[in-house]
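Add 38 to a position in the sequence shown, counting from 1, and you land on the number used in this note's numbering.
First the structure, in the form of structure tokens, and then the observations on it.
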Amino acid sequence: MPAQVSPLTLALSIPKFDCMDHQGGCHCGNIRVRLALSKPPEDNPLRACTCSFCRSHNPRMVADPGGLFEVWADDWSLVENYRFGTQTCDFLICRRCGVFIAAVSEMAAGLRAVVNANCLIDRERFKSVAAVHDFDGETIETRLSRRAANWMPAIISR
């Protein structure tokens with residue numbers, strides 16, 4: 039994962055979207071997130087995939103390439119960066135309460151993420167039914183290209 043981001047750099051890099059900021063985190067409060075969207079939650083499609091991880095966690099994933107996701111934790115030792123399958127992204131899970139927060143992938147253009155809308159305080163505003171996608175058989179190159187186009191910029195503040 040990338041090095042620590044200074045508070046000034048973080049503050050200057052966060053777009054301001056007025057009422058389209060969404061806060062959330064894990065159940066125990068160790069992990070906190072902010073999702074800045076370029077459009078209302080109702081206009082952001084939700085998705086899920088058919089992998090065994092998503093089937094067991096039942097997330098409703100959201101990403102806005104025009105927005106920004108940021109995550110921080112009180113205790114990073116309690117944040118699991120779980121990798122499986124193609125080993126091309128980290129699934130952020132709280133080790134204390136078990137909540138799946140987001141998937142984060144490091145790319146040439148920087149970090150990109152897709153976020154579990156169920157971890158947001160205003161999750162009920164994300165109303166669409168998650169469209170289910172099967173990415174089995176997708177090449178790593180195709181997978182990373184899809185993520186670069188569809189996932190959102192991310193900042194991990196350590």
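We treat Cβ as the ideally placed atom computed from N, Cα and C, and that holds for glycine.
CB-CB under 7 Å to residue i, same chain, minus the five flanking residues each way: which ones, in chain order?
{"i": "L135", "result": "As written in the sequence, residue 135 is Cys, which differs from the Leu given in the question. So the list reads C64, H65, C66, once near-sequence residues are dropped."}
{"i": "F91", "result": "F122, F129"}
{"i": "P83", "result": "S166, A169"}
Taking its Cβ as the centre, do 16 or more other Cβ atoms sit within 10 Å of residue i, making it buried, or is it exposed?
{"i": "I178", "result": "exposed"}
{"i": "S187", "result": "Checking the sequence shown, residue 187 turns out to be Ala, not Ser. Flag for A187 reads exposed."}
{"i": "V153", "result": "buried"}
{"i": "I159", "result": "exposed"}
{"i": "P79", "result": "buried"}
{"i": "G62", "result": "buried"}
{"i": "F122", "result": "exposed"}
{"i": "P103", "result": "exposed"}
{"i": "V137", "result": "buried"}
{"i": "R98", "result": "buried"}
CB-CB under 6 Å to residue i, same chain, minus the five flanking residues each way: which ones, in chain order?
{"i": "R184", "result": "none"}
{"i": "R161", "result": "A155"}
{"i": "H95", "result": "F138"}
Less than 9 Å between the C-beta atoms of residue i and residue j, yes or no?
{"i": "P191", "j": "L106", "result": "yes"}
{"i": "A151", "j": "V109", "result": "yes"}
{"i": "I139", "j": "C127", "result": "no"}
So the candidates are the options; which of them puts its Cα closest to the Cα of residue i?
{"i": "A101", "options": "R161, A155, F173", "result": "A155"}
{"i": "A74", "options": "M58, D81, N82", "result": "M58"}
{"i": "M145", "options": "A111, I69, N68, Q125", "result": "Q125"}
Note down the Cα distance separating residue i from residue j, rounded to an integer number of angstroms.
{"i": "M39", "j": "V142", "result": "Confidence in M39 is poor, its pLDDT being 44 and thus under 50, which makes the residue's placement unreliable; the coordinate value appears in the next sentence. Using only the alpha carbons, I get a separation of about 9 Å."}
{"i": "D172", "j": "D113", "result": "34 Å"}
{"i": "V167", "j": "S195", "result": "31 Å"}
{"i": "L50", "j": "R72", "result": "Model confidence at L50 stands at a pLDDT of 47, short of 50, so the residue's coordinates are unreliable and nothing is read from them."}
{"i": "C197", "j": "L182", "result": "A query on residue 197 cannot be resolved here, the shown segment of the chain reaching from 39 to 196 and no further."}
{"i": "N68", "j": "A111", "result": "5 Å"}
{"i": "D202", "j": "S115", "result": "Nothing in the structure corresponds to residue 202, since the chain is present only between 39 and 196."}
{"i": "A147", "j": "T180", "result": "16 Å"}
{"i": "F164", "j": "Y120", "result": "25 Å"}
{"i": "S76", "j": "H60", "result": "11 Å"}
{"i": "E174", "j": "R93", "result": "In the sequence as presented, Glu is not what sits at residue 174; that position holds Asp. Going from the Cα of D174 to the Cα of R93 covers about 14 Å."}
Taking 8 Å as the limit between beta carbons, can you name the residues of its chain near residue i, skipping five residues before and five after?
{"i": "L149", "result": "P40, V142, S143, P191, A192, I193, I194"}
{"i": "V170", "result": "R85, A86, C87, T88"}
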